[in-house]
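**Student:**
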């Protein structure tokens, strides 16, 4: 299962946010376990340290304690990086969610476009008909009774 997460990250295609989040969670678990292990190793070496031990054994125990502290230091820095990456992933997921278009968004935009088109059509009809004919007059236009003459008799006036 661990190889699946690594394969998703190291493949030709960019990994999904979900696979990256899964990988970060797995890394965090592993680092937490390593942190506990090296904390116990350091504590164990400290408990074994006594002034009556031969110098060589004291030197080895001090080296063990230093190695454990160094490992803990690296683990802490790595955990900080993992935390930073998890926050970045969370931000990116939030940004993607904000950009996601729902069916309601599509319907709302389509309604806005349709309303805008209707307004523009009404404006063009008013401009085309001229100032003497309000668009609200139902009799205006072809076959209507109150508009200018239509057809062949229109030029005879």
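Residue numbers (the UniProt record's numbering): 1 to 157.
Just so you know, even glycine gets a beta-carbon here, dropped at the ideal spot from N, CA and C.
(1) When you compare the CB positions of residue 28 and residue 82, do they come within less than 8 Å of one another, or not?
(2) Roughly how many whole angstroms lie between the Cα atoms of residue 48 and residue 57?
(3) Going by DSSP, what residue range makes up the alpha helix (DSSP H) through residue 124?
(4) Compare the C-beta of residue 120 against all C-beta atoms of chain B and say whether one is closer than 8 Å.
(5) Grab the span of the alpha helix (DSSP H) containing residue 87 for me, first residue to last.
**Tutor:** The short version:
(1) yes
(2) 10 Å
(3) 103-129
(4) Among the protein chains of the structure shown there is no chain B, as only one such chain exists.
(5) 55-99
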